[in-house]
Amino acid sequence: MNSASGNDARSAWLLAWASVLLPMLCWSTSMFDETRFDGALFSVLALLPIGFSVYKRQFTLLPGSALVIAAIAAGCLPFLFSAQFQLSLLPSVSGLADRAPIFSALVLAGCMSHWQLKNLWLTMLPVFIAVSLACWFCLPQALGWDPPGYLNILGRRPLYPFIGLNHAGEIVAPILLLCIALGDKYCSKRWLPLAIPMALLCGFWGGNAIRLGLVSGFVALYFFSKIRNKGLFIIGAVFVIGEILRALTSNGFKSVEAEYRSTEIRLAMYSAGAEKSFDTPLGIGIGQFENSYPLWRSAKEAQMLGASVTNGVFKAPKSIHNDVLQSLIELGWLGFALLAAGCYRAWCHIRMNSENDIRLYAGFAAGFAICALTRSPFTDNLPAMAIFMLVLASLSKHSPENTLSAPQRISKIVTCCGLCVFSLLPAYSNIRGESIMADAIDALNDESTAGENLFSQITTISEVRPWDTRNWVLIAALYLKNDQHEYARACFDSALSYSPYDMTALLGAIETELNDPDGSDARLLLHLETAEKLMPYHAKVMSLRLRTLIPLRDSIKNTYQELVRRGDSRSRNYWVAYELIEAQIAITKQNPTAARAALLSAAQSSDGKRAIIERAAKKEELSRQLLTQLTLEVFPRWPELD
């Protein structure tokens, strides 16, 4: 416990909680990515408690922070050595901007470890009250009563002030468990009014992560924290009531089916992620999951999503829904080892300084661990990540005897300021970009304006946040709508330079080449090949591939018939080519039987490549890429056949 006055400590903690909670109040259904806005605004607001701590000379970094920073540095090594970034570092910009708020959270937690209030309940009380009030406000929204002005053209379900259901669960469930533990020790049953709305909403929301987190948290509270009074069972009963209410709604059973499908998809993602961690031991680069994942995603998961997506709008998931696995994939084995060592160092410090209180946090730790293993509280939910860091700071008590000398203080200030600068670099761009996008969407939803300033708004976004792929796609779509193909092509190229595997940008670039009278067939086929690698069973991709294959097949067929009439011996080559194209069309339509029949027919007419074609026909799994490679082996100068 340091010698700072109680008033200073209260002021510091109020500023810290305000930096976390105020971004949540800026929630808007019109924002494309609330998490990016929250992270940027938090980075700015966190300067207030950090600056206050520096002014009062109460600042440091949490034990283990140096190892965490080293892990982040290790996560940047792929930018120097990976082939993906040899030509350009542009694809890394968006991911780095997304991870920048981690530095502010790290510095803020270190500063707040100096400020200790009378007890832990008083330290956490502001967030307990805020989350409880938010749950009361969410209750009518959960029942379908939409507060005025919350619905918009994006069709998002109102859940103010939380971004979404899963994001809400990552905040509410761990906070509920912490409220039970601290309330039981410090204020008898007076914590129940704060905890009841949290438990009711957690039950009504459902979700596997919420259920597993609360159940594991209740078990930890019962066995490790030794909380066995009626209050714990009351909260458990309220949670069950919420589950029953959800089951009685019209969408109750549909949500169970959706959760089962979600579990299937996640298991496929985890399997692909584990394989990727061994394929790239150096990591894919910090923040690069969203851009990298489409290239190595599970074929099973791609097929499950492709079968249900019938339009051209598709975006890769921002996270793998497992922060532990994602850390391994992004940071590599070296970075992950450093991160684990940093976490262990922080744990040892907390165990030594808060031995009497650490058992109270068993439920919170268990609930948050489940969220980290099944969701993305650190990589895609700024409030959850910041709350966790502040809870860590409340336990990581700074010892008075460890007062820093003047040189040490200067080095700590330089380090803290440097980390804050890194965090602030993309802050303005993200705040400004998301705000303009929200205004543009609101304008589209307003019949009086009908989006008349939409073009000027989104072009402004491209100036303040040039790495925003979605914005380039929107601009390109407007150009394409007005048949301005050259400008559309340039915008799609910009989008793909920052996100090479964005399906929406790829399909838009293909549409540009198809609609432009002077379009390039080479560019079209290049983009289509990339799209097929990402989502071969996407309805739009299959349709586009057929649009290129069918005219080619008909052209070859006409030439074949003409050569037969003339008695030209070259007709055999054209018949083989015709059947190879028929095989590609059949496999695109997911008809492997017809594809094999076409290959066997081609083999009978082929002079020197019969064995190669027959071996391909006998393969268990046929793909269009395999058939394309086979075509090039049979006709090395394809599409020339003579």
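Residue numbering for the sequence shown follows this note's numbering, starting at 28 and increasing by one per position.
C-beta atoms are modelled at their ideal positions from N, C-alpha and C, and glycine is treated no differently.
Quick caveat: nothing in here was measured; it's all calculated off a predicted structure.
What does the alpha-carbon distance come out to for the pair residue i and residue j?
i: ARG63; j: ALA610; result: 46 Å
i: THR539; j: HIS512; result: 6 Å
i: PRO666; j: LEU446; result: 56 Å
i: PRO105; j: ALA465; result: 34 Å
i: LEU89; j: SER140; result: 8 Å
i: TRP232; j: VAL158; result: 15 Å
i: VAL246; j: TYR297; result: 26 Å
i: GLY91; j: ILE437; result: 19 Å
i: LEU52; j: LEU419; result: 24 Å
i: ALA226; j: SER55; result: 25 Å
i: ALA373; j: LEU144; result: 21 Å
i: LEU387; j: LEU241; result: 15 Å
i: PHE164; j: TYR514; result: 46 Å
i: PRO188; j: GLN656; result: 53 Å
i: GLY102; j: ILE311; result: 8 Å
i: GLU641; j: LEU627; result: 6 Å
i: ILE223; j: LEU361; result: 44 Å
i: CYS443; j: THR87; result: 8 Å
i: LEU417; j: TYR249; result: 24 Å
i: GLY234; j: ILE198; result: 13 Å
i: LEU123; j: ALA132; result: 15 Å
i: PRO427; j: SER346; result: Residue confidence is low: PRO427 scores 45 on pLDDT, short of 50, so the model does not pin down where it sits. Its coordinate-derived value is still stated next. Using only the alpha carbons, I get a separation of about 41 Å.
i: ARG273; j: ILE612; result: 46 Å
i: ILE577; j: LEU294; result: 37 Å
i: VAL81; j: LEU72; result: 15 Å
i: CYS398; j: ALA367; result: 18 Å
i: THR586; j: GLU647; result: 33 Å
i: VAL154; j: GLY390; result: 17 Å
i: ALA638; j: SER582; result: 27 Å
i: VAL336; j: ALA566; result: A caution first: VAL336 carries a pLDDT of 47, below 50, which makes its placement in the model unreliable, though a value can still be read off. Distance between the alpha carbons of VAL336 and ALA566 is about 7 Å.
i: ASP35; j: LYS439; result: 21 Å
i: ASN380; j: LEU170; result: 45 Å
i: ILE463; j: LEU409; result: 21 Å
i: TRP602; j: ALA629; result: 7 Å
Out of the options, which one is the CA nearest neighbour of residue i?
i: ASN681; options: GLY269, LEU219 and LEU275; result: The question about residue 681 has no answer, for the chain in this structure spans 28 to 669.
i: ALA161; options: GLY535, ILE202, LEU272 and PHE519; result: ILE202
i: SER38; options: GLN85, LEU221, PHE79 and ALA222; result: PHE79
i: ASN321; options: SER650, THR557 and VAL418; result: In the sequence as displayed, the identity of residue 321 is Pro instead of Asn. Per the Cα distances, THR557.
i: GLN111; options: GLY362, MET225, THR307 and LEU74; result: THR307
i: TYR506; options: ARG550, ASN408 and PHE519; result: PHE519
i: VAL134; options: PHE69, PHE164, TRP148 and ILE262; result: PHE69
i: GLY635; options: LEU649, GLU660 and ASP65; result: GLU660
i: LYS508; options: PHE482, ILE640, ILE463 and MET530; result: PHE482
i: MET569; options: ASP384, LYS253, LEU555 and PRO188; result: LEU555
i: CYS370; options: VAL95, LEU653 and TYR82; result: VAL95
i: THR620; options: SER421, ASP510 and LEU649; result: LEU649
i: SER288; options: LEU204, LYS327 and PHE250; result: The displayed chain sequence assigns Arg, not Ser, to residue 288. The candidate whose alpha carbon is nearest that of ARG288 is LYS327.
i: ASN542; options: LEU221, ILE292, ALA504 and SER633; result: ALA504
i: LEU561; options: PRO344, ILE502 and MET379; result: PRO344
i: ASP60; options: MET379, ALA630, THR575 and ASP407; result: ASP407
i: TRP148; options: ASP125, LYS212 and ARG126; result: LYS212
i: LEU653; options: GLN631, ILE77, THR615 and SER633; result: THR615
Can you confirm whether residue i, when its beta carbon is compared against all beta carbons of chain C, has any partner nearer than 8 Å?
i: THR150; result: Judged by its chain identifiers, the structure shown contains no chain C, having just a single protein chain.
Is the closest heavy atom of the ligand ATP to the C-beta of residue i under 7 Å?
i: MET151; result: The model depicted lacks the ligand ATP and carries no ligand whatsoever.
query = Which runs of the alpha helix (DSSP H) spanning at least 4 residues fall entirely within the stretch 547 to 593, listed in chain order?
reply = 548 to 561 and 566 to 593
Any alpha helix (DSSP H) of 4 or more consecutive residues that is wholly inside the stretch 359 to 417 = 389 to 401
query = Per the contact definition of three or more C-beta pairs closer than 8 Å, is the stretch 254 to 268 in contact with the stretch 303 to 320?
reply = Touching, no.
ask   = Within the chosen definition, does the stretch 518 to 536 reach the stretch 110 to 124 through at least 3 CB pairs nearer than 8 Å?
value = yes
Any 3 or more C-beta pairs closer than 8 Å across the stretch 189 to 199 and the stretch 395 to 412 = Short answer: they touch.
ask   = Taking three-plus beta-carbon pairs below 8 Å as touching, is the stretch 412 to 425 in contact with the stretch 41 to 49?
value = yes
request  = Would you be able to state if there are at least three C-beta pairs under 8 Å between the stretch 454 to 461 and the stretch 484 to 500?
outcome  = yes
At least three beta-carbon pairs within less than 8 Å, the stretch 346 to 366 to the stretch 314 to 321 = By the Cβ test, the stretch 346 to 366 is in contact with the stretch 314 to 321, since at least three Cβ pairs between them sit closer than 8 Å.
key: Sequence ranges, beta strand (DSSP E) only - wholly within the stretch 602 to 657, length at least 3   = With a minimum length of 3 residues, no continuous beta strand (DSSP E) run stays inside the stretch 602 to 657.
message = Runs of 4 residues minimum, wholly inside the stretch 248 to 330: which ones carry the alpha helix (DSSP H) assignment?
response = 257 to 275, 279 to 306 and 316 to 323
message = Quick check for students: name the residue ranges of the alpha helix (DSSP H) that lie wholly in the stretch 435 to 504, counting only runs of 4 or more.
response = 454 to 472 and 481 to 491
task = Entirely within the stretch 142 to 174 and at least 4 residues each: give me those alpha helix (DSSP H) ranges in chain order.
result = 147 to 169
task = Jot down the residue ranges of each uninterrupted beta strand (DSSP E) in the stretch 177 to 235, minimum 3 residues, whole runs only, in chain order.
result = none
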